[in-house]
Structure formats: structure tokens, C-alpha cells
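What follows is a set of notes on a single structure, which appears directly below.
Encoded structure:
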């Protein structure tokens, strides 16, 4: 109803301006007054009209307020319109009517058909254990999926697996040439690790590869210059063998990357993160996606063969305003195919995204790979099962990839536009984000030695090649252990399983909220104590608020739903006059869908996290001010209980969108 009232008000202002003054205004701004006692909306339009009408803003506001009063009446949901200050119009809503609509749970969501969306996130190289930086990608991506689905989109979730890249090659070099293991020995190691199960952290296969990857990176830099060159050559020979396929090295790489991929999925499942499809680069190569894309790119004139200059012999991308103009080579053109015939990362990415939009004319084979409680995740293969969901052919795409990949992402969009796929290019969103680092305190708590000069720095960057960083599972274990100690102290009467479950919910809530409360363009310095704090803008603070609200209804043996049903019988809002703290909670509940749309349109989940935290603050202030359980006046008690119920409902919905559960107790 809140959004409908907004639309009605904006449309009424436009109509009055056109009929009374002959003015067309495309954008009518609605603001929120600094104090709810002044009203729910503030219209500053009079200031914009002052010059056109040659009148003082206050005079225009007075005239417009009178016209609005005769156009929008209380029966429409509006109570009053009055000129205020130098030229604002304060708009008051019919609070009782809006409360009744909110209490009934009337849908605020638009009914239009929404396009099918594809979200790609996580995309960890399957060469070692996931680390804290990967978690930001996965949590951002999963939250984006949740809010798009909440908006009404059908969303497919994909996790791109680069199983033929140089990072995988480095680990294979480590197994075959640093540890001198044979293919059967690598297979036996994987089998031993898998038999131990994912809980045996230090013996996990992805942990072994974490250490091996760091050792190989160091090995490349050791020895004489000739030895270094020889080892780097070995690296590229291994990479070429993996890309070509059909050989023992490629088979070892496939077994290693697949084993690590399963562990990555187990790690993400701890955070409630799931996927629908796992497209692999090996199939993009062997199914010759690039060959088809290359043909389409040449036919559309997006690529041309450079004849001279530093890129002679390469196929490069035509740039707007540059390249292939007859005035010499475009030295800044993006190389897509090198002079030796190998395809760059951007070229393969263009082919992949043509498939995503259903523009390639080729498809993967599909087979079942990972079973979730409510669905099956498929993986790409050469020849798959006949029965499988439809993937690809999306109307809109979100790629959750860090900000360092902005240039390659822009190249893909440029190629789509050059090929004439303007609509696809417009619906292509690079959902970028900055890195995750560790505070010096956090690094020391993890057992790393921090130099004295680094202790004063705001953060320390992690490095997988150097083996410096925090593995995702270690982080979750440490957060859960710290939380479990608190739960054991506060909830000793609960069973072992209950206390462990609560500890996990708080730990995951702390981590997810910490990753989401920062804007995507902010570098995050992770710190255990900051994330787990029950004070300030943290996940545990919001979770505790929801638990506190739910406990009110447990104590009185009443459901929140019955409290909301009772508020519809209130004949007047006189009980809430002067209690703007109560109305603030209802107004925040009314703005839920608006905040959801803002989070999606701005591609900024932190908007929702902030909204959720502010609601928690407002409820806690309300809780401390009003004696809900001991209130003697029946009418006022009903209002207080309904307010607690609406806060609990909204917090639960918002936290679910953020991927955070409300524990049974805290």
C-alpha cells in the first residue's frame, strides 16, 4: 500500500501541475521529513517551480497543498497536506489504514512478469581450499540471488569452474614434478582424504593443495635463472596438456579439480549457498564454443586481423572510434586471438556469454553432480543426460567478479554491442566488489607473525600464492567455536545439538552480515571480534533483536500473527499520537519493498543490511521505552504487541534475504 500511495501522490502532483499551470514535470521527488511528527512525505516541488511560475515557493506550496487536499482524500489513504517552511508540502497519511494493510500482509510487490535472470558467483579456481576473499564473492552473489527471487525473478545460479587454468596447472606441477607423485598415487591420496570426511580439516585434500600451491609458487622463484626458466616452461607445458585433454596430465588435473570442487560446494553449503549449474572451461574448450563465437565475431566485424604494428598477426577487437580505419594500426586495440593462434581469456569469456544469452547456437552436455535438499546441481560435460533443466538463454545477467576484472568485463559488453546485441549488453551487469583483508589483530589470532611496522596498518592483504590468509572452513570453525562458548554459558539447559545449532547460526549470521554491511566498493578488513559483537551494526545484534521480539510472544503464550490480526480492530490511532517511535517501526515495515527495489536497482545489498539494522535499533528503543508485558490498558497493549509482531515479521524476512537465520535463543 505504501508504494501505491507514493505513486498516487506523484501522479496527482503531475496532473495538478499540468491542468492548473500547464507544466509537465517528469520527476516528482518525494522526501522523508526529519521528524515523523511532520508527516510521512515531504514534497519540495515548489522550489523547482518558483522560477517558472515567478512566485515564492511558499505561495506555490500553499496553493498546491489546497489542490491536493481536494484531489486525494482520507479514503484514499491521505490525511492532510500542509505548506511548511520556505516551500515544502508535508503529507500525512491515514495511519490506521496503512497499519491495517501492513498487519494483513497485503503484497506490495508489482504483478508484472519479470525476466529470467542468470547470476554467476563464487567461481573459485579448483586448485586449493576456499579462503575469506572467496566468501565475499559467494555471500554477495547468494544475497543477490535471494533478493532477485524475492522481487519475483526466476533466477538460475551458476558457478563457473576454470578447471584448465594456470592455477590448476601449478598444483599439478606440484604433484607430478615437486612431489614426484604418479597419477595412481595422487588418486590414492584423494581417496584417503575423502574417506576421512570433510570434518577432518587438516587432512582434507583442498588443505593439502593449499600448502602445495604455495610451495610450487616458491619453487618457481628458487634456484638459478636457468632453473627458474625450466620450471616456468614446465608450467606452460602442463597447462597446454591440460587444455588439450586426452592425456594422463589432463586426467590427473580433472580428478584433482573435481575433488576440490566438491569440497568447495560443501564449504559454501555451510553458509546456505547453493548452485544450479557448474559450467566448466574444459567443456567450453572441447565443445568448441570459441570456434562458433570466432565465426560470429568476424562476420559482424567486431574482430579484424591486424596486419602491422605490435599486434601484427593477431585478431583484435574493433574499438568505437579506432582500429582498421586505414590510418595505421590501433595499438590500443584489445587482442582476442594472439599471433600464435591461442585465444585470450576475454575471447573465451565472450563465447561463454553468448551462450548465457542464448546467442551462440551451441550448448553443453549436462550431468547430475551435487545433491541439495531441495534440488540437484548439474555440471557441464561433453555428452550428458537427456533429462535436465534448461540453462542459458537468460534475459539478464549478473556477474559477481572482483573489481580487478572490470576491463575484461567491459570488453565482453563491447563485443555484444558490436555484434548488434544491444539489449543483451544493456542487461549485462558486472557486480564488482573490492578485496577482503585481515586486521593485524585478526592475523595474529590466526597464528601469523605480524611485523611491528604492520601492526599499525588498517589491514594486511592475503595471498594464496604465499599461503597467507584464512581458509573459509577455518574461519567458520573459529567463529562457531567462539560463539559456542557464549551459547554454552547462556543456554546450559539446552541439549548439545541445540547449542551447536545456535552457535552455527550466530557464527554464519555474523559472517554474512559483516560481508554485506559494507558497500561493494569498500575494502573489508575482517576481524573476529568486530563481526561477533552483540553491540553495534553486526549480525548477532540484529539476530538478538529478533529473538527478543519473539520471546515476548513466548512469555504471554500468543502468536505474532494473532497480535497483528488484533490491530485491525483498532478504530483510531489516537493511542499512537505522540508515540512516533511506534509509528517509525510501522513506517520502516512499509518501506520494505521499496528498499528491496533500491538494493536491486543500485546493485547494493548493503542497503538492505542497513535497513535491517535500523529496524533493529528502532525496535530496541521501543522495547526499552514501553512496558509491553505489563501494560494495563487493553487497547494500548494491543498496539504495543502488534508493533512487536510487525518488527519480528520484518526482521525475519529481511534476515532471510540476507541469508541469516533467527536462532531459537541467544
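Numbering (this note's numbering), first residue to last: 140 to 805.
Every residue gets a Cβ at the ideal spot worked out from N, C-alpha and C, and that includes glycine.
Every value quoted in this text rests on a predicted model; they were computed, and no experiment measured them.
- The beta carbon of residue 688 lies closer than 6 Å to those of 783, 786, 787 in the same chain, with the five residues before and after it left out.
- Residue pairing by DSSP places residue 469 in no beta bridge whatsoever.
- Restricted to the segment 357-406, the alpha helix (DSSP H) segments that are unbroken, complete and at least 4 residues in length are 364-383, listed in chain order.
- The residue among 765, 389, 734, 769 with its C-alpha nearest the C-alpha of residue 286 is 734.
- Going by DSSP, residue 242 is part of the alpha helix (DSSP H) stretching over 234-243.
- Counting only the Cα atoms, residue 685 lies some 12 Å from residue 795.
- Taking C-beta atoms as the reference points, residue 235 and residue 177 fail to come closer than 8 Å.
- Under the rule that a run must span 4 or more residues, the alpha helix (DSSP H) segments found entirely inside the segment 499-564 read 545-557.
- The Cβ atoms of residue 506 and residue 489 lie no closer than 8 Å to each other.
- For residue 612, the enclosing alpha helix (DSSP H) covers residues 611-629.
- Residue 653 and residue 744 have their C-alpha atoms roughly 12 Å apart.
- Counting only the Cα atoms, residue 361 lies some 25 Å from residue 303.
- Segment contact: the segment 306-320 against the segment 356-374, three or more CB-CB distances shorter than 8 Å; contact assigned.
- By the Cβ rule, the segment 325-343 does not count as touching the segment 294-302, because fewer than three pairs are nearer than 8 Å.
- Note on residue 678: 16 or more other CB atoms within 10 angstroms of its CB, so buried under the neighbour-count rule.
- Contiguous beta strand (DSSP E) elements confined to the segment 647-696 occur at 663-665, taking only those with 3 or more residues.
- In the DSSP assignment, residue 433 falls within the unbroken alpha helix (DSSP H) covering 428-438.
- When the five nearest sequence neighbours on each side are left out, the beta carbons in the same chain lying within less than 8 Å of the beta carbon of residue 742 are those of 283, 537, 568, 570, 659, in order along the chain.
- Taking C-alpha positions only, residue 278 is separated from residue 270 by approximately 13 Å.
- Residue 752 is not a Cβ neighbour of residue 799, given a cutoff of 8 Å.
- One Cα belongs to residue 149, the other to residue 231, and the distance between them is close to 14 Å.
- Considering only 190, 186, 206, the residue with the shortest C-alpha distance to residue 197 is 186.
- Beta-bridge pairing by DSSP links residue 444 to 454.
- In the DSSP annotation of this structure, the continuous segment of the alpha helix (DSSP H) that includes residue 750 starts and ends at 745-764.
- In this structure, residue 779 and residue 767 form a Cβ contact; the two beta carbons are roughly 5 Å apart against a cut-off of 8 Å.
- The beta carbon of residue 760 sits closer than 7 Å to the beta carbons of 720 from its chain, once the five residues preceding and following it are set aside; these are given in chain order.
- Around the CB of residue 479, fewer than 16 other CB atoms lie within 10 Å, so the residue is classed as exposed.
- Non-local C-beta neighbours of residue 777 in its own chain, meaning closer than 6 Å and more than five positions away in sequence, comprise 705, ordered along the chain.
- The continuous alpha helix (DSSP H) containing residue 202 extends over residues 196-210.
- Residue 724 counts as buried, since at least 16 other C-beta atoms from the protein chains shown sit within 10 angstroms of its C-beta.
- For the options 191, 182, 448, 254, the alpha carbon positioned closest to that of residue 225 is the one of 182.
- The bridge partners DSSP lists for residue 577 are 599, 665.
- For residue 223, the uninterrupted beta strand (DSSP E) segment begins and ends at 217-223.
- In this structure, DSSP gives residue 347 a helical state, which the three-state scheme calls helix.
- Across the structure, residue 612 and residue 207 are spaced so that their CA atoms are roughly 59 Å apart.
- The C-alpha of residue 323 lies about 36 Å from the C-alpha of residue 477.
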